[in-house]
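Protein chains in written order, with our numbering: chain A, 1 to 337; chain B, 1001 to 1224. Glycine included, every Cβ here is placed at the ideal spot set by N, Cα and C. Notes follow once the structure below has been shown.
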Ligand SMILES: Nc1ncnc2c1ncn2[C@@H]1O[C@H](COP(=O)(O)OP(=O)(O)OP(=O)(O)O)[C@@H](O)[C@H]1O
Ligand SMILES: [Mg+2]
């Protein structure tokens, strides 16, 4: 069974071909980051305009890389939500029409399910049940994953998402958009321990997060210290240490509370090197296995959508040719497989 | 040659299947439900004609101006169908579609562009073919390009929204007003027929909307 995956929920056009037995055959991505950077953030209308320019060439490129033909595709999975409605509609339109023309079924995939299952694309995938730390631009959640579609929320952010906190803090420090990778790079040059920032909610006793206070603390620090390069790097370092420590402590607490010995990290912030190092170190000491997706599959991509779709073949839409998108869509509304 | 045409640039979902000798059409008031209606209507229309996609010679769509999201639904569907069935595509201006549908030989087409503006173009038929007199553009109703002579058919939603101001601008030049005229798929199919017949259809990847309104956000460097 060959599934074509199409992701257009935000600012990356991602296409992939996943084969039930042979695994991921090929994937291609076009990132709009450079385009939106000039605007200081994602402009939804421009995102949609770019998706529709990129999608057909990327599909062709992916099919070519996989050394197959469009006619070999058995099903098309597209991101149905959540995300930017106009951007989602581009992927949905092309997916539904292409599937109609090829006389194959379609499947609308939940974007966060794609992120959550992305570590299963790796060579030694974790077995269910595992704990997932989902840290992306829009979400920070701890979940107990009992199987495909079986997600119990253990805790989440009460305000900013981790990626959002990285982006906003980067902006405060005068770094461009999107700030996460830039801030992380700057932090590597910083002196550990020169500044100390609070660890919000670290002793709250639950598995929730709060990151909006951190950026205020960063702002205060940034105002107090001359805007020299060294101080900025030190502040970035302090910010990253604070956020990484909170994420690490809470993720391991979730593992301890539930007794599952496997932890999966997904979403863009999962690409952060310090987070990976700290989490892996602490987990190893406690005998917990940590699983990450490849760096390129931390942020949005078509591979995770093709894969998540392939896990839901029972939910294939074979006859109904209507399509729609769900800009808002709670993960707990998904059916278990 | 059999041609499929789609338009979702307005609140209607328009489809037409132009066959030798007759044209099947589907017109549905869709509101925001174009994505739910489009493919089932197409399937139904093909079934009525006893045809499959691969029996077509090309897919035409209204490429704008109009609702941005609507333009992308028709465009995305045209791309997907064309890619899957190996067919050429032709994007047809919704303003030209109004001219084609207006029944006259000189057309000034205006679509309401919201925000107090109109999309505007003017066309004249010479030797059985439409010539562009005034390129599609975005204007305040009071500053649309001037036209020469009379006998113009004023058509499109722009004349419903800003009729008074527009007609004042063209005082004495307008023969007839058809503000309710819509860019129907049968007009688009008619305009696309010679394009496909001449082998000038485009590849699926080249089928793109023409928004006209291109300034949709300010760059950081443009903000004060
Ligand atoms: N190395 C890194 N360190 C920290 N943050 C990073 C790093 N790389 C990426 N990010 C952050 O990850 C986020 C993007 O991740 P992702 O693409 O998963 O989120 P999204 O798709 O925008 O949001 P969602 O999936 O929740 O809708 C951005 O906020 C970005 O700054
Ligand atoms: Mg994402």
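Next on the checklist: What I want to know is whether the C-beta of residue 268 of chain A ends up closer than 8 Å to one or more non-hydrogen atoms of ligand 1.
Outcome noted: yes
Item to check | Residue-level contact to chain B via CB, residue 57 of chain A, 9 Å cutoff | outcome: yes
Checklist entry - Just to check, is the beta-carbon of residue 30 of chain A closer than 8 Å to a non-hydrogen atom of ligand 1? => result no
Next on the checklist: Could you compute how far the alpha carbon of residue 1202 of chain B sits from the alpha carbon of residue 26 of chain A?
Outcome noted: 27 Å
Checklist entry - Any beta-carbon of chain B closer than 9 Å to the one on residue 324 of chain A? => result yes
Checklist entry - So is the beta-carbon of residue 27 of chain A under 8 Å away from any non-hydrogen atom of ligand 2? => result no
Item to check | Segment limits, beta strand (DSSP E) that includes residue 1061 of chain B | outcome: 1058-1064
Item to check | Simplified DSSP assignment, three categories, for residue 317 of chain A | outcome: strand
Checklist entry - Does the beta carbon of residue 18 of chain A come closer than 9 Å to any beta carbon on chain B? => result no
Item to check | Contact under 9 Å by Cβ, residue 1054 of chain B with residue 89 of chain A | outcome: no
Checklist entry - The beta strand (DSSP E) with residue 1137 of chain B in it runs from where to where? => result 1129-1139
Checklist entry - Alpha carbon to alpha carbon, what distance is there between residue 1032 of chain B and residue 4 of chain A? => result 27 Å
Checklist entry - Considering only residues of the segment 1015-1073 of chain B, which uninterrupted alpha helix (DSSP H) runs meet the minimum length of 4 residues and lie entirely inside it, listed in chain order? => result 1034-1049
Checklist entry - If you measure beta-carbon to beta-carbon, which residues of the segment 48-74 of chain A are closer than 8 Å to chain D? => result Structure shown: chain D not included; protein chains present are A and B.
Next on the checklist: Please list, in chain order, the chain A residues whose beta carbon lies closer than 7 Å to that of residue 1043 of chain B.
Outcome noted: 321
Item to check | Contact residues within the segment 1067-1078 of chain B, judged by C-beta distance below 7 Å to chain A | outcome: 1068, 1069, 1072, 1073, 1075, 1076 and 1077
Checklist entry - Does the Cβ-Cβ distance between residue 1175 of chain B and residue 1163 of chain B come in under 9 Å? => result no
Item to check | Reference residue 1142 of chain B, options B:1161, B:1166 and B:1154, closest by Cα | outcome: B:1166
Checklist entry - What number of angstroms, rounded off, separates the C-alpha of residue 229 of chain A from the C-alpha of residue 237 of chain A? => result 12 Å
Next on the checklist: In chain order, what are the residue ranges of uninterrupted alpha helix (DSSP H) at least 4 long that sit wholly in the segment 264-330 of chain A?
Outcome noted: 273-285 and 302-310
Item to check | Every unbroken alpha helix (DSSP H) inside the segment 113-155 of chain A [4 residues or more] | outcome: none
Checklist entry - If you measure from the CB of residue 137 of chain A, is any heavy atom of ligand 2 nearer than 8 Å? => result yes
Checklist entry - Of the choices B:1091, B:1103 and B:1022, whose alpha-carbon is the least far from that of residue 1008 of chain B? => result B:1091
Next on the checklist: Using only the alpha-carbon positions, how far apart do residue 21 of chain A and residue 1125 of chain B sit?
Outcome noted: 60 Å
Next on the checklist: Run through chain B and tell me which residues come within less than 8 Å of residue 46 of chain A, C-beta to C-beta.
Outcome noted: 1216 and 1217
Checklist entry - DSSP beta-bridge partners for residue 13 of chain A? => result A:30
Checklist entry - Regarding residue 13 of chain A and ligand 2, is the C-beta to nearest heavy atom distance less than 8 Å? => result no
Checklist entry - At what residue ranges does the segment 1092-1131 of chain B contain a whole run of the beta strand (DSSP E), taking only runs of 3 or more? => result 1106-1112 and 1118-1126
Checklist entry - Does any heavy atom of ligand 2 sit closer than 8 Å to the C-beta of residue 110 of chain A? => result no
Next on the checklist: Given the structure, does residue 299 of chain A come close to ligand 2, in the sense that its CB is under 8 Å from one of the ligand's heavy atoms?
Outcome noted: yes
Item to check | Chain-ordered residues of the segment 1005-1030 of chain B with a beta carbon less than 7 Å from chain A | outcome: none
Checklist entry - Looking at chain A, which residues of the segment 1049-1065 of chain B have a Cβ within less than 8 Å of any of its Cβ atoms? => result 1053
Next on the checklist: So if DSSP puts residue 166 of chain A in a beta bridge, which residue, or which two residues, is it bridged to?
Outcome noted: DSSP, once it has assigned bridges, lists no residue as partnering residue 166 of chain A.
Checklist entry - For residue 158 of chain A, which residues in chain B fall below 7 Å Cβ to Cβ? => result Within chain B, no residue comes near residue 158 of chain A; the closest Cβ sits about 30 Å away, beyond 7 Å.
Checklist entry - For residue 1080 of chain B versus residue 95 of chain A, is the C-beta spacing smaller than 9 Å? => result yes
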